[in-house]
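Protein chains: 2
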Amino acid sequence: MGVSLRDIALRAGVSVATVSNVVNGYRPVAAATKVRVQEAIDEMGYSPNLSARHLRRGRTGFIALAIPELNNPYFAELADVAIAEAARHGYTVLLDSTNGERERELEVVHGLRAQIVDGLIFSPAQLGPSDLSDRRDSVPLVLVGERIHDVAYDHISIDNIAASRVAVEHLASLGRRRIAFVGAQDSDRQPAGLRLQGYTEGVHAAGLTVDPRLVVRTPGFDRADGADGVAPLLRGSDPPDAVFAYNDLIAVGVMRKAYELGLRVPDDLAVVGFDDINEARFTTPSLTTIAPDKDVIGKLAVTALVSRLEGEDNVPREYEVPFRLVVRESTVGAALPEEEPGA
Amino acid sequence: MGVSLRDIALRAGVSVATVSNVVNGYRPVAAATKVRVQEAIDEMGYSPNLSARHLRRGRTGFIALAIPELNNPYFAELADVAIAEAARHGYTVLLDSTNGERERELEVVHGLRAQIVDGLIFSPAQLGPSDLSDRRDSVPLVLVGERIHDVAYDHISIDNIAASRVAVEHLASLGRRRIAFVGAQDSDRQPAGLRLQGYTEGVHAAGLTVDPRLVVRTPGFDRADGADGVAPLLRGSDPPDAVFAYNDLIAVGVMRKAYELGLRVPDDLAVVGFDDINEARFTTPSLTTIAPDKDVIGKLAVTALVSRLEGEDNVPREYEVPFRLVVRESTVGAALPEEEPGA
DNA sequence: AGGGCTATCAATAACGTTATAGATGCGCCT
DNA sequence: AGGCGCATCTATAACGTTATTGATAGCCCT
Chain D
-6 MGVSLRDIAL RAGVSVATVS NVVNGYRPVA AATKVRVQEA IDEMGYSPNL SARHLRRGRT
54 GFIALAIPEL NNPYFAELAD VAIAEAARHG YTVLLDSTNG ERERELEVVH GLRAQIVDGL
114 IFSPAQLGPS DLSDRRDSVP LVLVGERIHD VAYDHISIDN IAASRVAVEH LASLGRRRIA
174 FVGAQDSDRQ PAGLRLQGYT EGVHAAGLTV DPRLVVRTPG FDRADGADGV APLLRGSDPP
234 DAVFAYNDLI AVGVMRKAYE LGLRVPDDLA VVGFDDINEA RFTTPSLTTI APDKDVIGKL
294 AVTALVSRLE GEDNVPREYE VPFRLVVRES TVGAALPEEE PGA
Chain P
-6 MGVSLRDIAL RAGVSVATVS NVVNGYRPVA AATKVRVQEA IDEMGYSPNL SARHLRRGRT
54 GFIALAIPEL NNPYFAELAD VAIAEAARHG YTVLLDSTNG ERERELEVVH GLRAQIVDGL
114 IFSPAQLGPS DLSDRRDSVP LVLVGERIHD VAYDHISIDN IAASRVAVEH LASLGRRRIA
174 FVGAQDSDRQ PAGLRLQGYT EGVHAAGLTV DPRLVVRTPG FDRADGADGV APLLRGSDPP
234 DAVFAYNDLI AVGVMRKAYE LGLRVPDDLA VVGFDDINEA RFTTPSLTTI APDKDVIGKL
294 AVTALVSRLE GEDNVPREYE VPFRLVVRES TVGAALPEEE PGA
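So the protein lines, in turn, are chains D and P.
The opening position of the first sequence corresponds to residue -6 in our numbering, with each subsequent residue numbered one higher.
The opening position of the second sequence corresponds to residue -6 in our numbering, with each subsequent residue numbered one higher.
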């Protein structure tokens, strides 16, 4: 193996304890010996064996970040923020993709990585409160992107219902009357259920009624799901004049399908997404969407977990992160200031 | 802490060594005791302490994957493949974002994670052969997405020059005469330099000459860089009739800027990208692009590293992964079969 | 001058695992 | 009967680190 504390100690003529103290600064070391040890370290190219350190310290400095999939830009962008923030706190992130599968999510929550991480940040796609209640507390858990009530964990969330309502009201305020929702799920699991509920509330608030034929369930949340899901609606008689999509990827698929069918966005079909992924600014037309503050979400998730790991406080907290409606061309057409403040 | 081997040993009335053998199957254990030990494990909920295991074994089962940034869908998609493939081999991936900064890349290559990973997969954006030659070999290294000659490491690459040439020849074959390249870099570092070279060769092969004003350098490789970079060209006199972009993100930015300026793609401006990110299939118009086989690249990178870690063979290998030109609407307009085989 | 305090360092016991060497019992062969 | 091999298991020494305890020397104070 490589150079160990013991090698440095021999070289510098001190004990391993002293070398350790020089490395960690845990206890004071005389300036002269500190220099001598440091020289030995530099000459021999020592760096501490992390496995040994982790074993001895009882903590690893790893935290797991479990997300549905990296292929979804929203989660990739979120992971990017979280990884950077974790590094600022001296932690290293282990990514786990659940593929949005219930089975994999259960594994993650019940300690798939329990023996190697100090804590877990989890963005659920399928799991509800009941799945979390029987968790034997292996490592501290922070929930993200999701409002799960009555569960004794920290969670970072936005108000999915309110945000969805704002999106639909925006469409209604533009005179749209047949507003579809694309991206519902078979189960009313979170958060798809919440956005559907917000959609319903928004439709009612606009004095309209929900036409069940305008609520489209999709197998997944990708662009192809949006395109395939909306196609029958657009081809059918009595098509919608607006779509609120579960997320931006589905919205992109919807716009793509509209384009293929010769429909103009927003003239024939207005589209609103959810997430404000980078891509949304550059689609043609650019995409009106709900923008959760990803930067805040990612940082908050990490800091909440870190303070849970390092603090003494033990009471679970809820953090509600604000969102904005970012109005772009897919609802109001071109020639408008790029962004305007929302709710 | 949690339950240890010792706890299980006491409960089952055997030695820790026997429990270890039951867990690892390293040495045979009598069926009866094996059952007894397994019961104790199940009852007490034991799982091995990985830090201790890593320390004792001298390997961690971690591999680092260093990429420029997760925000770039190409790398997110590649990481997704690599993570899954690594898991299949019993390895866990640690992601490191270099932001394409030379300094960070040097850190990665010279052992930032050396004390915790068994091996390293590195996708360079700035580093060249000379930066790698003075590497004191801490952990095995596999290079990805890049053809660096005369360096004693495995590398997985596609022929960037040939691919770029194919892209340009495709544009030329459609009658385009003023073909721009967007996404050149100040330094002729890899791989931007290679694609620029392929562009040059392609232009010459078509019997045209390279107009330096049509070669646009950009500060980065994102959508905004493409939009900002191409804007002066499109607004100027004697604009290009085609763009070959360094990557798909830049191509998307170019198409966006064309849209803003009222230019039609492909009629006024044909666009070819590079990477074939998922997004490219759903832009309006959809994006013609060079498609490296990401699936093969990601899997090959992992298997190459794993066989280097576990095999005895020690001779560095080159793997050249094929690419295809995927022709879509951004060069030939609508109503064409979605994909056709390329080079 | 002696006792106590501070500053500095050393010795060493863990942390939980795996690998090596050795112990035990049993059957079988000569 | 005695010894040998096999199957099974135990005892224990590492792996490299950190935290605890203890030792030593120098200094100040009464």
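Glycine is no exception: its CB is placed at the ideal position from the N, C-alpha and C atoms.
**C-beta contact flag for valine 337 (chain D) and histidine 163 (chain D) at 8 Å** = With chain D represented from -6 up to 336, any question about residue 337 (chain D) goes unanswered, as that position is not in the structure.
**Nearest neighbour of glycine 168 (chain P), chosen from P:Ala199, P:Ala177, P:Asp231 and P:Gly191 [CA to CA]** = That would be P:Ala199, whose Cα lies nearest to the Cα of glycine 168 (chain P).
**Message:** Strictly under 8 Å for the Cβ-Cβ distance: is glycine 138 (chain D) near chain P by that measure?
**Reply:** no
**Request:** Would you give the residue range spanned by the alpha helix (DSSP H) that alanine 165 (chain P) belongs to?
**Result:** Note, alanine 165 (chain P): alpha helix (DSSP H), 153 to 166.
**Prompt:** For serine 126 (chain P) versus glycine 104 (chain P), is the C-beta spacing smaller than 8 Å?
**Reply:** no
**Cβ distance (whole Å) where valine 208 (chain P) is taken to contact alanine 160 (chain P) below 8 Å** = Not confirmed; about 15 Å, so no contact.
**Request:** Within its chain, find whatever has a CB closer than 8 Å to the CB of aspartate 261 (chain P); leave out the 5 residues flanking it on each side and keep chain order.
**Result:** Asp234 and Ala251
**Message:** So if DSSP puts serine 150 (chain P) in a beta bridge, which residue, or which two residues, is it bridged to?
**Reply:** P:Glu313
**Chain-ordered chain D contacts of arginine 338 (chain P) [CB-CB under 9 Å]** = Residue 338 (chain P) falls outside the range modelled here, since chain P spans only -6 to 336, and no answer is possible.
**Item:** Nonlocal neighbours in the same chain, by C-beta distance under 6 Å from alanine 165 (chain D), ignoring five residues either side
**Value:** The beta carbon of alanine 165 (chain D) lies closer than 6 Å to those of Ala199 in the same chain, with the five residues before and after it left out.
**Request:** Look up valine 175 (chain P) in the DSSP assignment and give the residues it is bridged to.
**Result:** Paired residue(s): P:Val209 and P:Ala238.
**Prompt:** What separation, rounded to the nearest whole angstrom, lies between the Cα atoms of alanine 238 (chain P) and threonine 11 (chain D)?
**Reply:** Taking the straight line joining both Cα atoms gives about 57 Å.
**Prompt:** Which residues bound the alpha helix (DSSP H) around alanine 33 (chain D)?
**Reply:** 24 to 37
**Asked** Apart from the five residues just before and just after threonine 26 (chain D), which ones in its own chain have a Cβ nearer than 7 Å to its Cβ?
**Response** Val7 and Thr11
**Item:** Cutoff 6 Å; reference valine 135 (chain D); Cβ partners in own chain excluding five residues on either side
**Value:** Ile114, Asp147, Ala294, Ala297 and Leu298
**Asked** Nearest-angstrom Cα distance between threonine 91 (chain D) and arginine 97 (chain D)?
**Response** Our two residues, threonine 91 (chain D) and arginine 97 (chain D), have alpha carbons roughly 5 Å apart in a direct line.
**Asked** By a C-beta neighbour count over all protein chains shown, 10 Å radius and 16 as the cutoff for buried, is serine 230 (chain D) buried or exposed?
**Response** Exposed is the call here.
**Request:** Could you tell me whether the region 56 to 66 of chain D touches the region 27 to 36 of chain D, where touching means 3 or more Cβ pairs closer than 8 Å?
**Result:** no
**Item:** Reference aspartate 286 (chain P), options P:Arg274, P:Ser279, P:Ile270 and P:Thr276, closest by Cα
**Value:** For the options P:Arg274, P:Ser279, P:Ile270 and P:Thr276, the alpha carbon positioned closest to that of aspartate 286 (chain P) is the one of P:Ile270.
**Asked** By a C-beta neighbour count over all protein chains shown, 10 Å radius and 16 as the cutoff for buried, is valine 30 (chain D) buried or exposed?
**Response** Its Cβ being crowded by 16 or more others within 10 Å, valine 30 (chain D) is buried.
**Request:** Could you name the residues of chain P that asparagine 64 (chain D) contacts, counting a contact when the two beta carbons are closer than 9 Å?
**Result:** In chain order: Pro66, Ala69, Glu70, Asp73 and Asn271.
**Prompt:** If you follow the beta strand (DSSP E) that glycine 112 (chain D) is part of, which residue opens it and which one closes it?
**Reply:** DSSP places glycine 112 (chain D) in the uninterrupted beta strand (DSSP E) bounded by 112 to 115.
**Message:** Judging by CA-CA distance, which residue of D:Phe214, D:Ala155 and D:Asp268 is the nearest neighbour of glycine 93 (chain D)?
**Reply:** It is D:Phe214.
**Message:** Along the chain, where does the beta strand (DSSP E) containing threonine 282 (chain P) start, and where does it finish?
**Reply:** Where threonine 282 (chain P) is concerned, the enclosing beta strand (DSSP E) starts and stops at 281 to 285.
**Contact residues within the region 16 to 48 of chain D, judged by C-beta distance below 9 Å to chain P** = Shown in chain order are the members of the region 16 to 48 of chain D whose Cβ falls below 9 Å from a Cβ of chain P: Gly38, Ser40, Pro41, Asn42, Leu43, Ser44, Ala45, Arg46, His47 and Leu48.
**Request:** Provide the residue span of the beta strand (DSSP E) that contains phenylalanine 55 (chain P), from first to last.
**Result:** 55 to 60
**Request:** Measure the CB-CB distance between asparagine 307 (chain D) and phenylalanine 267 (chain D) and report whether it falls below 8 Å.
**Result:** In this structure, phenylalanine 267 (chain D) does not lie closer than 8 Å to asparagine 307 (chain D) by Cβ.
**Request:** Could you tell me the distance, in whole angstroms, from the CA atom of arginine 106 (chain D) to the CA atom of valine 325 (chain P)?
**Result:** 49 Å
**Asked** Are the C-beta atoms of tyrosine 252 (chain D) and some chain P residue less than 8 Å apart?
**Response** yes
**Item:** Candidates D:Val236, D:Val74 and D:Gly138, of which the one nearest arginine 158 (chain D) by Cα
**Value:** Among D:Val236, D:Val74 and D:Gly138, the Cα nearest to that of arginine 158 (chain D) is on D:Val236.
**Option nearest serine 123 (chain P) by Cα separation, candidates P:Val223, P:Ala145 and P:Tyr312** = P:Ala145
**Asked** What is the rounded straight-line gap between the Cα of aspartate 0 (chain P) and the Cα of glutamine 108 (chain P)?
**Response** 30 Å
**Message:** What does the alpha-carbon distance come out to for the pair leucine 63 (chain P) and arginine 206 (chain P)?
**Reply:** 32 Å
**Message:** Which of the three DSSP states is assigned to glutamate 203 (chain D) in this structure?
**Reply:** Before going on, a small fix: residue 203 (chain D) reads as valine here, not glutamate. Correct three-state label for valine 203 (chain D): coil.
**Prompt:** Can you list the residues of chain P that valine 245 (chain D) reaches, using a CB-CB cut of under 7 Å?
**Reply:** Phe275
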